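This note's numbering applies: residue 98 is where the sequence shown begins, and numbers increase by one. Cβ atoms here follow ideal geometry from the backbone N, Cα and C, with glycine treated the same way. Since we're looking at a predicted model, the values are computed, not measured. Reviewing the structure listed below.
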Amino acid sequence: MLGNWSFGDYFKKEAIAWAWELLVDKWGLNPDQLYATVFGGDDEDGLPVDEEAIELWKSETTIDHSHILKCGKKDNFWEMGDTGPCGPCSEIHIDLRSEEERKKVDGATLVNADDPRVMEIWNLVFIQFNRQSDGSLKTLPAQHVDTGMGFERVCAVLQGKTSNYDSDIFTPLLDKISELAGIKYSSSDSEKDIAVRVIADHIRAVAFSIADGASPGNDGRGYVIRRILRRAIRYGWDKLNFKEPFFYKLVDVLADQFKDVFPEMEAQKEYVINVIKSEEKSFLKTLGQGIQLFKEVSKGKEVISGDDAFKLHDTYGFPIDLTQLMAREEEIEVDEDRFNELMKEQKDRARAAGKFSVDQSGGGDWVLVNSKEVSETHFVGYDKLKVETQFASFRKEGKRFAFKLAKTPFYAESGGQVADTGLVTNGNEYIHVTDVQKVNGEFVHYSENLPDDLSGEWIAQVDTLRRQEIQKHHSATHLVHAVLREELGDHVAQKGSLVDDHHLRFDFSHFEAVTDEELKVIEQRVNEKIQENIPLDEQRSVPIEEAKEMGAMMLFGEKYGDEVRVITFDPEFSRELCGGTHVKATGEIGYFRFTQETSVAAGVRRIEAVCGKSADQLLRNEQSLLKEIKGVIGQSTDLVADIKKLQEEKKALEKELSAQNLQNTGAKLTELFSNPESLDGNITLVKGEIPGADMDVLKQLGYDALEKSSSNTVTVLGSKDEEEGKVYLMVSVTNDLIKEKGLKAGALVGQLGRLVGGGGGGQPSLATAGGRQPEKLEEALSKVNEIILNTI
């Protein structure tokens with residue numbers, strides 16, 4: 098979906114004019130083929146016809162006036178739900194029929210009539226109201242624009258096609274499906290061509306959902322994905338003779354096509370392929386038998402019984418909507434009510450039989466999945482990122498589930514390194530592991546949801562790409578620690594750390610800030626060690642005394658067991674006790690960059706840095722920024738010098754502007770002094786607005802006023818900044834009035850400040866106030882005389 102938005106800025110006039118300009122003037126669409134629909138009013142809501150939009154279409158565009166059509170609330174009033182922002186809309190439709198067909202039948206009669214050749218391409222929504230909970234409409238204080246344009250539709254139109262599937266957006270997928278099926282796609286309405294289009298559409302929905310973090314499952318969004326996927330597989334089997342997994346083979350095409358605009362697909366490609374392939378294999382085991390059963394139970398019938406539909410679902414994995422689709426193709430019905438009854442009975446039986454569910458696991462004690470609790474999870478994550486395992490136990494903890502596995506590749510958060518994330522799957526269910534913690538020495542995994550049945554064999558799979566980036570940052574931390582000791586001294590000791598897939602943070606003992614020059618040297622030295630591609634030397638189960646003799650770095654205050662793990666990158670450079678995960682050689686880290694150096698506490702400094710993909714992204718961002726700066730500066734042989742010159746020129750101009758402003762305001766003050774007011778009690782009043790003056794300028798003018806007037810004078814000056822919503826006030830009083838009349842600037846300005854939504858104060862001779870209601874400045878100034886006379 099393409100679109101443009103305005104939040105309280107431009108409204109109907111600009112939205113309509115710009116839409117027409119883009120479609121007709123820029124993209125060259127034939128205006129004779131375009132129609133604009135507008136809101137035709139609604140008696141129930143008491144809303145009139147959107148005459149404003151009609152007149153704007155006539156005045157701001159060259160559209161044929163007969164092509165401006167009034168439509169009802171169903172098509173031309175947009176609402177996000179039962180309550181919330183809403184408003185009339187104006188849709189732009191295009192008639193893609195031939196000129197001859199357009200002459201025979203007026204396109205206006207086919208707008209919003211479900212004719213695929215006369216379709217909406219852009220909806221301009223004018224958000225003017227807020228739907229209240231009682232159904233009434235309240236006008237919004239600011240008006241907004243929210244438009245939506247169909248990307249595929251516009252591409253098809255611009256390419257002279259009458260169907261989205263004929264555009265080059267779908268061509269690579271259609272070609273690949275045709276190639277796999279051994280057929281020639283012809284854009285017809287034949288069963289084979291329809292199947293090709295359905296599969297092309299469904300792979301996009303499924304693959305992008307999985308790449309975004311969703312997974313096929315038996316409930317919620319997971320079941321939506323599974324249903325779409327199985328529908329596509331069935332089309333392949335029944336219409337294109339795909340008897341082996343094929344759907345996953347389309348992911349490569351999709352990833353290559355969208356790598357520039359959705360790089361996540363390329364990054365997650367292998368994972369998406371594996372998930373889809375696993376789903377295909379599982380469903381294909383029963384699909385053929387299920388289709389045969391469908392043919393048997395539907396033969397000669399007008400309705401497929403709920404019992405047969407349930408059997409197709411429960412035994413052969415047919416989602417009910419797939420059964421309904423196949424039934425519609427045979428022009429028969431499905432008893433959905435009976436099917437739903439059987440589904441409910443099945444869920445009740447599952448709970449009664451002891452299968453685990455969200456409702457049953459209310460928290461507290463661990464629920465055993467197997468007959469006995471696993472005493473200790475076997476961690477294999479140093480060597481494997483994917484392993485077969487079983488569930489040992491689980492429990493509910495707040496809004497998420499905790500569970501233990503017999504064997505796990507997932508690293509639990511410790512030693513400053515964040516936990517792994519990933520999946521646990523049995524081919525039908527996908528459990529997203531979002532966190533892993535060590536609790537009393539046991540690996541406890543966390544997930545938002547768990548399926549009912551946790552029995553049997555499962556595959557635990559770590560998010561490989563994320564783990565790789567974490568490892569890079571952890572190994573880089575060891576290199577930094579070693580170089581800091583080399584460059585700053587042996588007093589450097591680790592005081593804390595954080596390592597994740599985006600950055601590293603390292604706290605260390607040091608008595609002063611690390612200078613920019615020192616950071617530059619340390620950064621360069623770390624990168625030299627990366628380029629040396631030093632291999633990892635990992636030693637497990639090393640007796641603690643032996644590790645000490647080896648000279649391994651240990652954290653002060655840390656408790657170690659009798660046996661430890663030692664991580665070494667060159668015995669002469671870095672050797673530490675560490676339980677984290679690391680690269681196989683330093684070259685895998687790629688590139689290292691400091692991002693910040695700060696103080697944490699007295700005698701403790703903190704450095705933050707990035708490496709791997711995060712460092713690459715940092716470099717790209719800097720290059721982009723440099724290019725943008727060059728574009729602003731223009732041709733330059735010395736960019737730094739030119740920027741400094743611009744800064745100096747800016748300061749000079751600001752100084753000149755300030756002097757000019759002071760001169761202008763001084764002239765205004767002189768003008769006010771030439772026309773003073775006389776009040777009872779022999780008081781001279783000088784008051785007025787000084788446009789453009791800020792508080793500092795008003796204060797300076799106050800001092801100038803005291804110099805100009807030797808006696809009996811009150812000066813009141815004000816200014817406002819409507820854009821910022823601010824108002825400034827200044828009052829000065831000569832000494833004689835302070836002594837003889839008891840007039841004090843602080844008291845006077847305080848009363849005035851309250852009138853403009855603020856307050857203030859100061860000395861008896863000069864005081865200032867500020868407020869947030871600039872629209873009340875004139876009113877405040879008009880009451881100065883009254884306030885003074887009431888005070889004396």
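* Asked: Does DSSP put Ile-307 in a helix, in a strand, or in coil?
  -> helix
* Write down the C-beta distance between Ala-610 and Ser-696 rounded to the nearest angstrom, noting that I regard them as a contact closer than 8 angstroms. => 7 angstroms
* Are Trp-555 and Asn-523 close, meaning C-beta to C-beta below 8 angstroms? -> yes
* To do: Tell me where the alpha helix (DSSP H) around Ile-780 begins and ends.
  => No alpha helix (DSSP H) holds Ile-780; the beta strand (DSSP E) holding it covers 780 to 786.
* To do: Indicate the three-state DSSP secondary structure (helix, strand or coil) for Ser-671 in the structure shown.
  => strand
* Contact under 8 angstroms by Cβ, Ser-671 with Ala-749 -> no
* To do: Can you say whether Glu-188 is buried or exposed, counting buried as having 16 or more other CB atoms within 10 angstroms of its CB?
  => buried
* **Glu-332, enclosing alpha helix (DSSP H) - first and last residue** => The sequence given here places Tyr at residue 332; Glu does not occur at that position. Per DSSP, Tyr-332 belongs to the alpha helix (DSSP H) from 317 to 337.
* Asked: Between the region 233 to 251 and the region 102 to 111, do at least 3 Cβ pairs fall closer than 8 angstroms?
  -> yes
* Residue(s) in a DSSP beta bridge with Lys-817 -> Val-824
* **Where Leu-144 sits in the DSSP three-state scheme** => strand
* Inter-residue spacing [alpha-carbon to alpha-carbon] between Trp-117 and Asn-173 -> 18 angstroms
* Using CA coordinates, which residue listed in Ala-210, Ile-627 and Gly-184 is at the minimum distance from Asp-192? -> Ala-210
* Asked: Do Leu-326 and Leu-270 have their C-beta atoms within less than 8 angstroms of each other?
  -> no
* Would you report the Cα separation of Ser-402 and Val-321, rounded to the nearest angstrom? -> 23 angstroms
* **Gly-700, buried or exposed, once every other Cβ within 10 Å from all chains shown has been counted against 16** => exposed
* **Ser-572 classed as buried or exposed, judged by whether at least 16 other C-beta atoms fall within 10 angstroms** => buried
* What residue from Gly-687, Ala-516, Glu-821 and Asp-549 has the CA that sits closest to Val-541's CA? -> Ala-516
* In angstroms, rounded to a whole number, what distance separates the CA positions of Thr-486 and His-475? -> 10 angstroms
* Would you call the CB atoms of Gly-184 and Ile-224 closer than 8 angstroms? -> yes
* Contact check, Ser-264 vs Lys-258, beta carbons under 8 angstroms -> yes
* Can you tell me the Cα-Cα spacing of Asp-456 and Phe-507, whole angstroms? -> With a pLDDT of 43 at Asp-456, under the threshold of 50, the predicted position of this residue should be treated as unreliable, and no value is reported.
* Please classify His-679: does DSSP put it in a helix, a strand, or coil? => coil
* Which word fits Val-358, buried or exposed, when buried means at least 16 other C-beta atoms lie within 10 angstroms of its C-beta? -> exposed
* To do: May I ask which residues mark the beginning and end of the beta strand (DSSP E) holding Glu-774?
  => 774 to 776
* **Inter-stretch contact (C-beta, 8 angstroms, three-pair minimum) for the region 860 to 870 and the region 799 to 812** => yes
* Asked: Between Arg-435 and Asp-411, which are expected to be in contact by the criterion C-beta below 8 angstroms, what is the C-beta distance as a whole number of angstroms?
  -> About 13 angstroms; that fails the 8 angstroms criterion.
* **Whole-angstrom distance between Ser-287 and Ile-330, CA atom to CA atom** => 18 angstroms
* **Identity of the residues DSSP links to Ser-829 by a beta bridge** => Thr-812 and Leu-863
* To do: Please report how far the alpha carbon of Lys-481 lies from the alpha carbon of Ser-490, in whole angstroms.
  => 22 angstroms
* Have a look at Leu-674, Gly-728 and His-600 and flag the residue whose alpha-carbon is nearest the alpha-carbon of Arg-690. => His-600
* Asked: When the Cα atoms are used, what is the spatial distance from Thr-888 to Ala-764?
  -> 30 angstroms
* Asked: For Phe-226, which beta-bridge partners are listed by DSSP?
  -> Cys-183 and Thr-236
* **Contiguous beta strand (DSSP E) assignments of at least 3 residues, all confined to the region 108 to 155** => 131 to 136
* Would you check if there are 3 or more beta carbon pairs closer than 8 angstroms linking the region 147 to 165 to the region 132 to 139? => yes
* **Proximity below 8 angstroms, CB of Lys-817 to CB of Leu-874** => yes
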